[in-house]
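Taking it in order: structure first as structure tokens, then the write-up.
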Amino acid sequence: MTNSLRCPTRAEVVARVQAAGRRVAAVLPYHYPRALLRAHGFHPVEVWGPPGVPRDEGGRHFQAYTCDIVVRATSFLLRGGLDGVDAILVPHTCDALQGMGSVLGDFVRPTPPVLTLYLPRSRRPVDHEFLVAELRRLGEALAAISGRVPAPADWEAAFAAEDAADRALADLYARREGLAVTDREFYTVVRSREFLPAEDFVALAGSLAAGDPPGGVPVMLSGIVAEPLDLFDHLSAMGARVVADDLASGRRRVYPLQDGGDPHTRLATRLLGGPPDPTRGDPIAARARHLREQMGAAGARGLVIYDPKFCEPELFDVPLLRRHLSAAGLPVLHVEVELTGSLTQQTLTRLEAFVETLR
Amino acid sequence: MSRLGHLLGYRLAGRPLLRLQRRRDERRLDSLRSGPDRPLEPPLRSIARMKEMMSGHYLEGRHASGVRPVAWVTSGASTEILLTLGFFVIYPENHAALCGARRRAQHLCEVAEDAGYSRDICSYARTDLGALLSGETPVGRLPRPDLLLCCTNICQTVLYWYRVLADHFGCPLVLVDTPFQYGPQPQPHEVAYVRRQLEEIVPVAERVAGRPFSEQEFTAIVARAKEASETWLEILERARHRPSPLTAFDAFTHLGPIVDLRGEQATTDYYRGLLAEIDRRIAAGIGAVREERYRVLWDNLPIWYRIGPLSQWLAARGVNVVASTYAHAWGELAPLMDPLHPFESMARVYLHPILNRSAGQKLEAMRGMVDDFSADGVILHSDRSCKPYSLGQIDQRDGLVNQTGVPALLLEADHNDPRSFSEEQAASRLEAFVEMLGG
Ligand code: SF4
Ligand code: SF4
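Each protein sequence line maps, in turn, to chains A and B. Residues 804 to 1162, numbered by my numbering, are exactly what the first sequence covers, in order. Residues 41 to 479, numbered by my numbering, are exactly what the second sequence covers, in order.
Next up, the structure:
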């Protein structure tokens, strides 16, 4: 690594946070209110699979046609990977996570309570009003576990910390071209937002050295999650560089910030303010426009949509995104992977061939 | 021209021809006799009227553009508002099911797949997108929508799908988002959310229809929809009788009007007629399966392209699939409808379908149905392309076996795509299941 980047593991973070007397909530992908959790004394640690965990235990609850995020996360839970957390939050992102929240809550009944959050599928005033009430409901559920109703000072501190981290994340993207880091390093830091305490994330993001990033054919990455991180090594070996992203685990969670006002209203405004996203009901044309603009601004020559298999929210958009972007001279490659911890030769060959066409 | 086409093609020529066809069908049905070599009773005579209604509906659809405002809606959506404004309503899911039943779905799915739609997305969506892209449909032609109405109370898939339709047609897409019910009762903020969205349909639909909304007409339509749904539920409940006068496969076949034409007087009349016919069967001691030895509950969508062979196969072994969670979905909400408080009650109705309730509540509902229908076993169709209905079934199967003591089979298939159905595998699993029923 070009920087002396040291990022702790999720397990280390959990141990440290709990030793400091805070509760930990395991959170499934991907939109949720961090400041709400923090104000109620919870530290969120996200679970995106994790890759490499076998599907076996999860497969005893979900059919083979269920995506890896849900099945492997369930395996992880059943193998004790979430032992010791104080709550599991399953946002209603899609039908698969709906199934997971429901099966965990009704049948698996793990020791930590399972909380859910319904995310409205549009951004109208009526959705905002609903989300405010839904966040209040979630807050009450968290308070019932922690016995702690946040005081104004708790909210203030929570917003101060999480806003700083969100700003640092946005800033990281803004500084991308002036950072002397590889794609792997860059995304290691971006994704550390999934589990690092906000203050640590700000420090880590700020520690990246300025300079020229390595060169390569500029591409944009869309989809759910860039796992395994080896993907970036492979892309770099193929002569490509990721100059922008629209990943659920990345830029889709760069929310606009607001100051002041009722905390739940503020959080709802923030959550509904992110970029176009297939899980939020945004028009496909709006997504295509957003991608085109991002690609134009970053100079990306092509788009790789990189998804776990069986991800319906992503799959429906692919043909039209391809059409809209191709009309603008921007080629699209769609890749589906299993979160096994390594990439298949077939995937690598397809990526390589795509990068070749962009040269 | 479109008005003339509607007048000639539908009113003056089409409807009388369909009436004639219905009479021919009725005569043919009357000539069918049950016999020892036939495990199933001849189909209910009302099927001829049902075919007339549905064919008439699609025939009017061919000529509807420019004559009536056209809306495409999801099967769980609240069409009562649209009917009040004179919309002609198409249910793409019902159209896809029709393609499935007529064995046209695989080809249409392949058309969609050639256009880049993954084989892993819902086969209803693929079937309809294939029809859209190729212009091929067994109903002749579908009218172009002026409005799309999508309600998420069956799945999120419909919203992904309707976004594609909105992109294709460039018409307004109205969303009714219905928070998933993890708990037994909807929260007040959830009911308020759905109610407001239902109210917000009105100005958009008025604009498209070019006429004002009438509360009075709306109340009358909700009342008719309630009556039709109640009658539908009564029909399904008649299967508690031993032997059951109908099978779940009959129910799948007679489902069209309650899905597509709910709120129309003809639909209520049709179901009253069907109920009377079923009651005549009961009075005569006739069961739908000639020798009903075992009674089974079906979970999830039908396997549309195998309805006939599967019902024959099971009936030949004395198995009557007497009820299904799927067909009940259009009846069980009837008690929640209140024509005097249409928006408030519809908000509750549209939050409540089985597909919008948790896996545990669905197990509860199935357990109740096992008792109510004296079921000896349960077939859970694990439907590859309907994830919201299928996820949770593994635990539901275990729960059914442990809590009711009846055998339960997870049958792998797909509701519309025959490529995900293995005849041999299904037959051997079903053989073993029937043996367990006997044990
Ligand atoms: S990968 Fe797709 S289907 Fe799976 S949980 Fe994520 S958004 Fe849902
Ligand atoms: S996913 Fe299931 S509920 Fe949704 S449209 Fe397809 S078959 Fe219907």
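Here a beta-carbon is modelled for each residue, glycine too, at the ideal position from N, C-alpha and C.
Of the residues the options, the one placed nearest residue i, counting alpha carbons only
i	options	result
residue 1111 (chain A)	A:1123, A:1150 and A:1132	A:1150
residue 979 (chain A)	A:952, A:963 and A:1008	A:1008
residue 218 (chain B)	B:394, B:440 and B:434	B:394
residue 192 (chain B)	A:1083, A:1134 and A:808	A:1083
residue 188 (chain B)	B:434, B:302, B:132 and B:146	B:132
residue 143 (chain B)	B:177, B:155 and B:125	B:177
residue 869 (chain A)	B:183, B:108 and B:434	B:434
residue 966 (chain A)	A:1010, A:1063, A:1013 and A:983	A:1063
residue 848 (chain A)	A:1137, A:888 and A:864	A:888
residue 63 (chain B)	B:166, B:50, B:93 and B:358	B:93
residue 834 (chain A)	A:1107, A:1158, A:1141 and A:1079	A:1079
residue 1105 (chain A)	A:1060, A:1049 and A:1118	A:1049
residue 816 (chain A)	A:1026, A:1038 and A:996	A:996
residue 388 (chain B)	B:367, B:211 and B:234	B:234
residue 1092 (chain A)	A:1133, A:1032 and A:898	A:1133
residue 895 (chain A)	B:398, B:212 and B:449	B:398
residue 246 (chain B)	B:390, B:123 and B:426	B:123
residue 1046 (chain A)	A:1028, A:1039, A:1021 and A:832	A:1021
residue 838 (chain A)	A:882, A:1052 and A:1070	A:1070
residue 477 (chain B)	B:307, B:448 and B:180	B:448
residue 950 (chain A)	A:843, A:925 and A:1028	A:843
Cβ-based burial, residue i [other Cβ within 10 Å; buried from 16]
i	result
residue 804 (chain A)	Per-residue confidence for residue 804 (chain A) stands at a pLDDT of 43, beneath the threshold of 50, marking its modelled position as unreliable; the derived number appears in the next sentence. Under this definition residue 804 (chain A) is an exposed residue.
residue 1096 (chain A)	exposed
residue 250 (chain B)	exposed
residue 912 (chain A)	exposed
residue 918 (chain A)	buried
residue 985 (chain A)	buried
residue 380 (chain B)	exposed
residue 271 (chain B)	buried
residue 9 (chain B)	The structure shown does not extend to residue 9 (chain B), since chain B spans only 41 to 479, so no value can be given for it.
residue 1001 (chain A)	buried
residue 256 (chain B)	exposed
residue 854 (chain A)	buried
residue 464 (chain B)	exposed
residue 856 (chain A)	buried
residue 442 (chain B)	exposed
residue 1152 (chain A)	exposed
residue 296 (chain B)	buried
residue 963 (chain A)	exposed
residue 96 (chain B)	buried
residue 116 (chain B)	buried
residue 886 (chain A)	exposed
residue 1159 (chain A)	exposed
residue 1081 (chain A)	buried
Cα-Cα separation, residue i to residue j
i	j	result
residue 361 (chain B)	residue 346 (chain B)	14 angstroms
residue 1072 (chain A)	residue 52 (chain B)	56 angstroms
residue 1145 (chain A)	residue 174 (chain B)	39 angstroms
residue 877 (chain A)	residue 1044 (chain A)	33 angstroms
residue 860 (chain A)	residue 1090 (chain A)	36 angstroms
residue 928 (chain A)	residue 56 (chain B)	49 angstroms
residue 428 (chain B)	residue 902 (chain A)	7 angstroms
residue 363 (chain B)	residue 416 (chain B)	12 angstroms
residue 806 (chain A)	residue 819 (chain A)	Per-residue confidence for residue 806 (chain A) stands at a pLDDT of 45, beneath the threshold of 50, marking its modelled position as unreliable; the derived number appears in the next sentence. Each residue's Cα considered, the two are about 24 angstroms apart.
residue 1006 (chain A)	residue 841 (chain A)	18 angstroms
residue 110 (chain B)	residue 265 (chain B)	20 angstroms
residue 1108 (chain A)	residue 905 (chain A)	29 angstroms
residue 1015 (chain A)	residue 1101 (chain A)	15 angstroms
residue 160 (chain B)	residue 1025 (chain A)	19 angstroms
residue 404 (chain B)	residue 164 (chain B)	28 angstroms
residue 226 (chain B)	residue 938 (chain A)	16 angstroms
residue 1135 (chain A)	residue 1087 (chain A)	15 angstroms
residue 473 (chain B)	residue 968 (chain A)	57 angstroms
Legend entry - beta strand (DSSP E) segments (min. 3 residues) lying fully within the region 990-1058 of chain A: Taking 3 residues as the minimum length, the beta strand (DSSP E) runs contained wholly in the region 990-1058 of chain A are 1020-1026 and 1043-1050, in order along the chain.
Inset, instruction - Mind listing, in chain order, the continuous beta strand (DSSP E) runs of no fewer than 3 residues lying wholly within the region 1101-1146 of chain A? - result: Assignment of beta strand (DSSP E) within the region 1101-1146 of chain A, counting only whole runs of 3 or more residues, yields 1105-1111 and 1135-1140 in chain order.
Inset, instruction - Please specify which runs of the beta strand (DSSP E), each continuous and at least 3 residues long, are wholly inside the region 380-439 of chain B, giving them in chain order. - result: Unbroken beta strand (DSSP E) runs of no fewer than 3 residues, entirely contained in the region 380-439 of chain B, are found at 417-423, following chain order.
Legend entry - 4-residue-minimum alpha helix (DSSP H) runs that sit fully inside the region 860-941 of chain A, ordered along the chain: Complete alpha helix (DSSP H) runs here, min 4: 871-881 and 898-906.
Inset, instruction - Tell me the start and end of each unbroken alpha helix (DSSP H) in the region 126-155 of chain B that is at least 4 residues and wholly inside, in chain order. - result: Whole alpha helix (DSSP H) segments, 4+ residues: 132-141 and 145-154.
Inset, instruction - Pick out the complete alpha helix (DSSP H) segments inside the region 200-254 of chain B, 4 residues or longer, and give them in chain order. - result: Counting only runs of 4+ residues, the alpha helix (DSSP H) found wholly inside the region 200-254 of chain B occupies 228-249, in chain order.
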